[in-house]
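Novice:
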Amino acid sequence: MTDTRTAVLPPTTDAAKPKPRSLKSAPVIADRVFRTTAYAAGTITVAVMLAVGIFLTARAGDALAVAGPSFLTTQEWSPETGTFGVAAVLFGTVTIALVAMAISVPLAMGTALLISEIVPPRARGLLITMVDLMAAVPSVVFGLWGVFFLQAGVIPVAQWISTYFGWIPIFRVADEAGARLTDAGAYTSSAFIAGIVVALMVVPTQTSVMREAFSQAPLGEREGALALGSTRWGMIRAVVLPFGRGGIIGGTMLGLGRALGETIAVVMIISPIFTINTELLKTGTNSVSALIALRYGEASQFGLSALMAAGLVLFIITLIVNFTASTIVARSRSGAESN
Amino acid sequence: MAILTPEAPTATAGDESPRHTSRTSIPHRTGAVGERRDLRTVPFGDRFDLIGSGAAAVAVSTLMFGWLTPMTGVVGWVVLSFIGFLGIYAVLTAMRADRLAISERVMTALFYSAGVLLLGALAFVVFFTLVRGSSALFLLNFFTETMKLAGPLDPLTMGGIAHAIVGTLIQISIALTITIPLGVTTAVFLNEIGGRFARFVRTISDAMTALPSIVAGLFVYAAVVTLITNQRSGFAASLAISVMMLPIIIRASDVVLRLVPHNLREASYALGTSRWRTVWSVVLPTSRSGLVTAVILGTARGIGETSPVLLTSGVTAEMNLNPFSGPMISLPLQVFDFVKSPEPSMIARGFGAAATLVLLVLTLFIVARLIGGRGPGQLSDRQRRAASAASARDLVRTEGESAVAASRAGQRTMPPGRPPKDLERRLSLRALTARFNRSTEENPS
Chain A
1 MTDTRTAVLP
11 PTTDAAKPKP
21 RSLKSAPVIA
31 DRVFRTTAYA
41 AGTITVAVML
51 AVGIFLTARA
61 GDALAVAGPS
71 FLTTQEWSPE
81 TGTFGVAAVL
91 FGTVTIALVA
101 MAISVPLAMG
111 TALLISEIVP
121 PRARGLLITM
131 VDLMAAVPSV
141 VFGLWGVFFL
151 QAGVIPVAQW
161 ISTYFGWIPI
171 FRVADEAGAR
181 LTDAGAYTSS
191 AFIAGIVVAL
201 MVVPTQTSVM
211 REAFSQAPLG
221 EREGALALGS
231 TRWGMIRAVV
241 LPFGRGGIIG
251 GTMLGLGRAL
261 GETIAVVMII
271 SPIFTINTEL
281 LKTGTNSVSA
291 LIALRYGEAS
301 QFGLSALMAA
311 GLVLFIITLI
321 VNFTASTIVA
331 RSRSGAESN
Chain B
1 MAILTPEAPT
11 ATAGDESPRH
21 TSRTSIPHRT
31 GAVGERRDLR
41 TVPFGDRFDL
51 IGSGAAAVAV
61 STLMFGWLTP
71 MTGVVGWVVL
81 SFIGFLGIYA
91 VLTAMRADRL
101 AISERVMTAL
111 FYSAGVLLLG
121 ALAFVVFFTL
131 VRGSSALFLL
141 NFFTETMKLA
151 GPLDPLTMGG
161 IAHAIVGTLI
171 QISIALTITI
181 PLGVTTAVFL
191 NEIGGRFARF
201 VRTISDAMTA
211 LPSIVAGLFV
221 YAAVVTLITN
231 QRSGFAASLA
241 ISVMMLPIII
251 RASDVVLRLV
261 PHNLREASYA
271 LGTSRWRTVW
281 SVVLPTSRSG
291 LVTAVILGTA
301 RGIGETSPVL
311 LTSGVTAEMN
321 LNPFSGPMIS
331 LPLQVFDFVK
341 SPEPSMIARG
351 FGAAATLVLL
361 VLTLFIVARL
371 IGGRGPGQLS
381 DRQRRAASAA
391 SARDLVRTEG
401 ESAVAASRAG
411 QRTMPPGRPP
421 KDLERRLSLR
431 ALTARFNRST
441 EENPS
């Protein structure tokens with residue numbers, strides 16, 4: 001048996017005390033190069049993106065200084081004479097986007113629930129792939145389809161709606177005197193048609209966000225609902241929809257952000273006007289992006305600055321919408337996981 | 001003491017001390033067991049409800065459209081049929097079931113119809129473009145000639161979109177040369193280095209995904225075309241596409257890199273590797289397929305974008321191989337330009353170009369799915385076999401043949417290779433038998 005007691009060493013003098021070891025490790029050269037490169041990439045990315053924002057703001061400043069607060073309330077667009085504003089185009093952008101939401105949100109919710117709750121797992125992968133594929137179809141193709149196929153098919157429907165629901169102001173189609181228009185020509189190139197096409201373009205984004213949120217609804221609550229004798233729809237209503245609420249709102253807003261910025265399909269369909277048109281089904285609407293696409297070519301430097309101001313307004317709106325959406329999605333996701 | 005639910009077989013373990021007595025008891029079956037119920041197939045009545053109400057709705061709306069009322073249009077017919085179908089289906093279900101079942105059936109029908117409508121619309125958009133474009137798509141000159149000598153009135157056998165295809169390829173190549181290194185490196189920065197600045201970068205790049213593509217085009221038009229080059233060019237178009245694609249690629253790669261399991265990284269660091277070595281030999285190879293998928297999907301988005309190109313590349317009918325001078329058209333812009341003309345042959349060319357674009361995007365998408373589609377660390381059968389062969393080789397290298405033989409002999413409980421197909425059934429049978437034995441021991445009747 002050896003006695004193993006701890007021996008206490010006599011205290012050493014300060015001079016003899018070794019320096020505490022540094023816990024920092026000197027990175028090897030490759031590591032240093034890697035860090036520098038990664039930082040550089042991040043910096044370049046930020047620089048490019050800030051450059052876009054700052055340049056837009058700076059150039060838009062010229063036009064905003066001339067127009068003042070009336071930029072948000074004026075309907076005409078003639079920078080050469082100094083009267084220009086985004087009221088009409090912004091109104092058109094928002095109406096097209098709202099029509100698109102009215103169509104796309106029910107479709108996206110239905111499809112997302114179908115994929116996450118109803119179809120067998122084998123079909124699920126195929127459906128997800130097809131929805132993703134739809135997101136990759138170029139917008140010019142949707143525009144072609146809207147102009148050459150959908151328009152002719154939708155006009156009778158629009159006429160029917162305005163005939164029977166014309167007493168609701170937004171569905172009325174009338175001339176200045178208030179007489180109802182029944183001619184098919186009064187129903188072409190409307191915000192309604194543009195909205196349908198834009199709806200089809202944003203549905204895939206919304207569907208995939210919502211599907212992801214729905215599939216994260218906790219299994220225990222699902223099985224609990226089923227065990228209490230609820231039907232599948234009852235389970236969806238009691239468990240999946242409440243848990244997926246963040247995903248529904250977030251997905252809707254992400255789609256809204258895309259719908260607000262959509263250009264080519266809208267340009268191909270609408271006939272641009274510069275007055276506020278509250279009649280959805282009637283010819284003539286406008287959007288900020290369509291304004292830029294149609295007017296940039298003949299614009300002077302000041303006209304360009306005015307277009308940038310319009311673009312900046314659009315950018316700020318989509319930015320707010322997107323950030324709200326991603327915050328809501330992120331919050332709902334963390335909540336579902338912590339359960 | 002037996003709680004004989006299948007989920008809690010451990011509770012019946014006999015070697016536990018019998019401290020408490022359970023109140024659950026299993027009734028002993030006597031006499032014949034009834035016929036086994038089929039839980040899978042839809043009963044005939046339900047199927048009849050579905051088909052019958054569909055047929056009735058189609059008949060009713062055809063009657064309405066053809067004879068009774070002056071309604072016209074395919075879309076209206078479809079809408080009316082659908083509403084009729086839902087109504088008749090609800091009534092038919094109500095004849096044999098309660099309110100809950102009705103809402104269940106009707107909602108399921110609604111979900112299915114949303115899916116069918118959505119995917120049908122997709123298939124129809126693609127199909128419509130391909131069919132309308134087929135008259136131009138099957139002509140060889142459409143892919144080998146340019147529009148230099150062909151006017152709007154010329155037949156489809158003259159002229160083509162070779163210049164637009166070449167322009168698209170040049171522009172997207174330049175854009176990818178810029179965005180892939182920058183985007184993937186930024187994503188690596190966000191994930192591997194982190195810190196306050198990385199959070200700032202992530203916020204900015206998330207904000208930029210909201211940038212409307214037309215505004216990206218307007219930026220390049222005002223900053224590069226009007227101030228520096230004074231002419232539209234393919235390079236300006238590539239810059240505009242890059243500004244638009246960069247946030248998409250950063251975000252997609254960021255998501256992929258975040259999925260790399262942390263224990264892989266930690267294992268690498270535990271071996272004493274540097275950060276750079278870990279990224280290069282562990283993180284990037286693990287997420288390779290996902291990164292490729294992210295890049296390809298970003299490419300598909302970038303190829304199809306018209307609006308940034310509209311402002312920056314300019315329209316031309318000639319082949320231009322130099323991205324730095326002169327206008328250079330791309331496929332989506334060519335589609336847009338063709339269909340502005342009222343001439344039928346130009347519209348046919350527009351559909352042909354759109355069909356080419358769709359086929360290009362479809363090909364990219366399918367390639368992306370073939371490469372990716374799996375998360376990092378999920379291996380295919382073949383990769384798994386390769387990995388296990390490699391680790392066996394490593395074992396031979398480090399331990400020598402005898403150790404390998406010994407370890408093999410130790411794990412012979414299951415035959416090597418893939419587990420037997422009916423493994424699950426065998427295991428569940430074994431568990432059932434064991435439980436049955438236990439229950440007969442504990443509940444001697």
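As given, the protein sequences belong to chains A and B, one line each in that order.
The UniProt record's numbering numbers the first residue of the first sequence as 1 and each following residue consecutively.
The UniProt record's numbering numbers the first residue of the second sequence as 1 and each following residue consecutively.
For glycine and all other residues, C-beta sits at the position ideal for the given N, C-alpha and C.
Source: prediction; values computed, not measured.
#1: Rounded to whole angstroms, what is the Cα-Cα separation between Val224 of chain B and Arg384 of chain B?
#2: Would you mind telling me which residues of chain A sit closer than 8 Å to Gly76 of chain B, beta carbon to beta carbon, in chain order?
#3: Please list the partners that Ile193 of chain B has in chain A, where partner means a Cβ-to-Cβ separation under 7 Å.
#4: Strictly under 8 Å for the Cβ-Cβ distance: is Tyr296 of chain A near chain B by that measure?
#5: Does any C-beta atom of chain A lie closer than 8 Å to the C-beta of Asp206 of chain B?
#6: Identify whether Trp77 of chain A lies in helix, strand or coil by the three-state DSSP scheme.
#7: Can you pull the chain B residues whose beta carbon is under 8 Å from the beta carbon of residue 341 of chain A, in chain order?
#8: Answer yes or no: does any C-beta atom of chain B fall closer than 8 Å to that of Ala145 of chain A?
#9: Any idea if Pro415 of chain B is buried or exposed, counting beta-carbon neighbours within 10 angstroms, 16 or more meaning buried?
#10: Quick one: what's got a C-beta closer than 8 Å to Ala265 of chain A's C-beta in the same chain, skipping five residues either side?
#11: Taking only three categories from DSSP, how would you classify Ser61 of chain B?
#12: At the level of alpha carbons, what is the spacing between Gly76 of chain B and Ala216 of chain B?
#13: Using the beta-carbon of each residue, which ones in chain A are nearer than 7 Å to Trp276 of chain B?
#14: Report buried or exposed for Met101 of chain A, applying the criterion of at least 16 other Cβ atoms within 10 angstroms of its Cβ.
#15: Using 8 Å as the Cβ pair cut-off and three pairs as the minimum, do the segment 323-340 of chain B and the segment 247-267 of chain B touch?
#16: Between the Cα of Pro242 of chain A and those of A:Ala213, A:Ala135 and A:Arg122, spot the shortest distance and give me the residue it belongs to.
#17: Just mark Val131 of chain B as buried or exposed, buried being the case when its beta carbon has 16 or more other beta carbons within 10 Å.
#18: Below 9 Å between beta carbons is the criterion; list the residues of the segment 44-61 of chain A that meet it against any residue of chain B, in chain order.
#19: Which class does Ala174 of chain A belong to by DSSP, given the choice of helix, strand or coil?
#20: Check Pro272 of chain A in the structure and name its three-state DSSP category.
#21: With H, G and I counted as helix, E and B as strand and the rest as coil, what does DSSP make of residue 346 of chain A?
#22: Given Thr316 of chain B, which residues of its chain have a CB within under 8 Å of its CB, disregarding the five upstream and five downstream residues?
#23: Anything in the segment 232-250 of chain A with a Cβ closer than 8 Å to a Cβ of chain B? List those residues in chain order, please.
#24: Would Thr327 of chain A pass as an interface residue toward chain B - the criterion being a Cβ-Cβ separation below 8 Å?
#25: Chain B partners of Leu228 of chain A, CB-CB under 9 Å?
#26: By Cβ distance, which residues of its chain are closer than 7 Å to Met210 of chain A, with the 5 residues on each side in sequence left out?
#27: Who are the Cβ neighbours of Arg412 of chain B in its own chain at under 7 Å, not counting the five residues just before and after it?
#28: Could you work out which residues of chain A lie near Ala354 of chain B, taking near to mean beta carbons separated by less than 7 Å?
#29: What would DSSP say about Arg180 of chain A, mapped onto helix, strand or coil?
#30: Could you have a look at Phe84 of chain A and say whether DSSP puts it in helix, strand or coil?
#31: Could you please give me the residues that DSSP links to Ser190 of chain A through a beta bridge?
#32: Considering only the alpha carbon of each residue, which of A:Phe148, A:Ile270, A:Leu254 and A:Leu228 lies closest to Ser189 of chain A?
#33: According to DSSP, is His28 of chain B part of a helix, a strand, or is it coil?
#34: Looking at the unbroken alpha helix (DSSP H) that takes in Trp145 of chain A, where does it start and where does it end?
#35: Step through the CB atoms of chain A and report whether any lies within less than 8 Å of the CB of Ala97 of chain B.
#36: Kindly indicate if chain B contains any beta-carbon less than 8 Å away from that of Thr252 of chain A.
Specialist: Taking the definition as stated:
#1: Locating residue 224 of chain B in the second sequence gives position 224, where the first residue counts as 1. Locating residue 384 of chain B in the second sequence gives position 384, where the first residue counts as 1. Roughly 50 Å separates the two Cα atoms.
#2: On the second sequence, position 76 is the one that residue 76 of chain B refers to. Going along chain A in sequence order, the residues near Gly76 of chain B (Cβ under 8 Å) are Pro156, Val157 and Trp160.
#3: Start at 1 with the first residue of the second sequence, and residue 193 of chain B comes out as number 193. Ordered by position in chain A, the residues that pass the 7 Å Cβ test against Ile193 of chain B are Arg35 and Ala38.
#4: As a first step, residue 296 of chain A must be located in the first sequence, where it is residue number 296. Using a Cβ-Cβ cut-off of 8 Å, Tyr296 of chain A counts as an interface residue toward chain B, since at least one Cβ of chain B sits closer than that to its own.
#5: By one-based count along the second sequence, residue 206 of chain B stands at place 206. Interface residue, yes.
#6: Counted from its first residue, the first sequence places residue 77 of chain A at position 77. Trp77 of chain A: strand per DSSP, three-state reduction.
#7: Here chain A has residues from 1 to 339 only, and residue 341 of chain A is not among them.
#8: Taking the first sequence and counting its residues from 1, one reaches residue 145 of chain A at position 145. According to the sequence provided, residue 145 of chain A is Trp. The question's Ala does not apply to it. It does; some Cβ of chain B falls within 8 Å.
#9: Here residue 415 of chain B is taken as the residue at index 415 of the second sequence, counted from 1. Here Pro415 of chain B scores only 49 on pLDDT, less than 50, and its place in the model is too uncertain to base an answer on.
#10: Stepping through the first sequence from its first residue, residue 265 of chain A is reached at position 265. So the list reads Ser139, Val140, Phe142, Gly143, Gly146, Ala194, Val197, Val198 and Met201, once near-sequence residues are dropped.
#11: In the second sequence, the residue the question calls residue 61 of chain B occupies position 61. Helix.
#12: Working through the second sequence from its first residue, we reach residue 76 of chain B at position 76. Working through the second sequence from its first residue, we reach residue 216 of chain B at position 216. Cα-Cα distance, rounded: 40 Å.
#13: If you number the second sequence from 1, residue 276 of chain B lands on position 276. Within chain A, the residues near Trp276 of chain B are Ala30, Asp31 and Phe34.
#14: For the purposes of this step, residue 101 of chain A is taken as the residue at position 101 of the first sequence. The residue in question, Met101 of chain A, is buried, as its Cβ has 16 or more Cβ neighbours within 10 Å.
#15: Result no; under three Cβ-Cβ pairs closer than 8 Å.
#16: The count along the first sequence starts at 1 and reaches residue 242 of chain A at position 242. Nearest Cα to Pro242 of chain A within the set A:Ala213, A:Ala135 and A:Arg122: A:Ala213.
#17: Taking the first residue of the second sequence as position 1, residue 131 of chain B is located at position 131. Exposed, since its Cβ has fewer than 16 Cβ neighbours within 10 Å.
#18: Ile44, Thr45, Val46, Val48, Met49, Leu50, Ala51, Val52, Gly53, Phe55, Leu56 and Arg59
#19: For the purposes of this step, residue 174 of chain A is identified with residue 174 of the first sequence, where counting begins at 1. Ala174 of chain A: strand per DSSP, three-state reduction.
#20: Taking the first sequence and counting its residues from 1, one reaches residue 272 of chain A at position 272. Here Pro272 of chain A sits in strand by DSSP.
#21: The displayed coordinates of chain A run from 1 to 339. Any statement about residue 346 of chain A would go beyond what the structure contains.
#22: Numbered from its first residue, the second sequence carries residue 316 of chain B at position 316. Correct list, in chain order: His163, Gly326, Pro327, Met328 and Ile329.
#23: Arg232, Trp233, Gly234 and Ile236
#24: Stepping through the first sequence from its first residue, residue 327 of chain A is reached at position 327. False, the Cβ-Cβ gap to chain B never drops below 8 Å.
#25: The residue given as residue 228 of chain A occupies position 228 in the first sequence. Residues of chain B passing the Cβ test: none, with the nearest at roughly 12 Å.
#26: Counting from one through the first sequence, the residue named residue 210 of chain A turns up at place 210. Cβ neighbours of Met210 of chain A within its own chain (closer than 7 Å, five residues either side excluded): Ala108, Met109, Ala112, Gly244, Gly247, Ile248 and Gly251.
#27: Here residue 412 of chain B corresponds to residue number 412 of the second sequence, with the count starting at 1. At Arg412 of chain B, the pLDDT of 49 sits below 50, so the modelled position is not reliable; the number obtained from the coordinates is stated separately. Nothing meets the Cβ criterion.
#28: Taking the first residue of the second sequence as position 1, residue 354 of chain B is located at position 354. In chain order: Val140, Val141 and Leu144.
#29: As a first step, residue 180 of chain A must be located in the first sequence, where it is residue number 180. Arg180 of chain A: strand per DSSP, three-state reduction.
#30: The residue labelled residue 84 of chain A in the question sits at position 84 within the first sequence. DSSP places Phe84 of chain A in strand when its eight states are reduced to three.
#31: In the first sequence, the residue the question calls residue 190 of chain A occupies position 190. The secondary-structure analysis by DSSP pairs Ser190 of chain A across a beta bridge with A:Thr283.
#32: Taking the first sequence and counting its residues from 1, one reaches residue 189 of chain A at position 189. If we check each option's Cα against that of Ser189 of chain A, A:Ile270 comes out closest.
#33: Here residue 28 of chain B refers to the residue found at position 28 of the second sequence. Three-state result, His28 of chain B: coil.
#34: Counted from its first residue, the first sequence places residue 145 of chain A at position 145. DSSP places Trp145 of chain A in the uninterrupted alpha helix (DSSP H) bounded by Ser139 to Trp145.
#35: Residue 97 of chain B sits at position 97 when you count from the first residue of the second sequence. It does not: the Cβ of Ala97 of chain B has no partner Cβ on chain A nearer than 8 Å.
#36: As a working note, residue 252 of chain A is residue 252 in the first sequence. No, because no Cβ of chain B sits closer than 8 Å to the Cβ of Thr252 of chain A.
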